[in-house]
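Residue numbers (my numbering): 5 to 290. All residues carry an ideal CB built from backbone N, CA and C; glycine is no exception. Computed from a prediction, not measured in an experiment: that's the story for all the values here. Structure record follows, encoded as structure tokens.
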């Protein structure tokens, strides 16, 4: 298997070139993994010095994570998992069905719908903060108040223009002949969608899964608007509160930061194969 790099180092040969590659790649690994390793080590260290960097804790301890429990960090972590779990599931369901409609169905105003979705991606969250809070306080038609509820943090992230556009462009590349062959064999539209279209879109599902997870997990403004009670805070909101609390030591803050970071890393590793395939796939060939 051959790995090409943007630096063009794969074309270099000889002992000097090999040494240069090792040095360059070592520096790259240090730059990109250094902060993560430093956070990991510091979170398990008893004696903390923010200005020092170590590959192994001087005094290994779980005290920081034990004290984090006293500050309800694990409750905030649970809230984040609830929001990202249901929010990502809803977002992916909405994305695949909306993308199928845009990719396979022709209807009047389709271009306008795509422009609206692009416009939502261009608007900063701060612009829609006040209208969103008003809508969530009195949901149209059913007049329900979603403030200080999980639903208030989940429903707004259920539709994301980026995910819909990625799935739409990917589904457009699926050969129409595959659907026609399935219909000739007697398959209905839903069966064709779930057995033909969706399996071919696994790379795109990996892409929107990783980006969607990161987007929802890192949400700050939405939980800030919705969660009035601290029992409904997510971890990003809790980190701000912990940072401003003078009674909270640096160890607890680092432990909470590690807990906030690890799920995104694990999500990327879990979807890495589909994610890379989705980024490099230009078309789906039948």
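Original post:
Alpha carbon to alpha carbon, what distance is there between residue 181 and residue 41?
Top reply: 50 Å
Original post:
Are there 16 or more other CB atoms within 10 angstroms of the CB of residue 235, so buried, or fewer, so exposed?
Top reply: Exposed.
**OP:** Taking all protein chains shown into account, decide if residue 31 is buried (16 or more other Cβ within 10 angstroms of its Cβ) or exposed.
**Re:** exposed
**OP:** Output the boundary residues of the alpha helix (DSSP H) element that contains residue 172.
**Re:** 165–176
Original post:
Are residue 47 and residue 259 close, meaning C-beta to C-beta below 7 Å?
Top reply: yes
**OP:** Report buried or exposed for residue 248, applying the criterion of at least 16 other Cβ atoms within 10 angstroms of its Cβ.
**Re:** exposed
Original post:
Is the beta carbon of residue 83 less than 7 Å from the beta carbon of residue 218?
Top reply: Not in contact: residue 83 and residue 218 (Cβ atoms no closer than 7 Å).
Original post:
Taking just the CA atoms, how far does residue 214 sit from residue 44?
Top reply: 22 Å
Original post:
In angstroms, rounded to a whole number, what distance separates the CA positions of residue 224 and residue 132?
Top reply: 14 Å
Subject >> Residue closest to residue 90, alpha-carbon to alpha-carbon, out of 29, 107 and 159 >> reply: 159
Original post:
In this structure, what does DSSP give as the bridge partners for residue 64?
Top reply: In DSSP, residue 64 forms a bridge with 49.
Subject >> Proximity winner among 99, 242 and 193, relative to residue 77 (alpha-carbon distances) >> reply: 242
**OP:** Would you tell me roughly how many angstroms separate the C-alpha atoms of residue 96 and residue 121, rounded to the nearest one?
**Re:** 16 Å
Original post:
Are the Cβ atoms of residue 155 and residue 149 separated by less than 7 Å?
Top reply: No. Outside cutoff.
Subject >> Residue ranges of each alpha helix (DSSP H) within the stretch 141–225, 4 or longer >> reply: Fully contained in the stretch 141–225 are the following alpha helix (DSSP H) runs of length 4 or more, in chain order: 154–158, 165–176, 180–188, 193–196 and 206–221.
Original post:
Nearest to residue 101 by alpha carbon, out of 68, 192 and 201?
Top reply: 201
Subject >> Nearest to residue 135 (by Cα), restricted to the options 25, 262, 229 and 62 >> reply: 229
Original post:
Should residue 263 be labelled buried (16 or more other beta-carbon atoms within 10 Å of its own) or exposed?
Top reply: Buried, since its Cβ has 16 or more Cβ neighbours within 10 Å.
Original post:
Using a Cβ-Cβ cut-off of 8 Å (strictly less than) and excluding sequence neighbours within five positions of residue 261, which residues of its own chain qualify?
Top reply: 43, 47 and 243
**OP:** For residue 231, name the three-state secondary structure that DSSP assigns.
**Re:** coil
**OP:** Find the nearest neighbour of residue 161 within the set 205, 176 and 99, judged by alpha-carbon distance.
**Re:** 99
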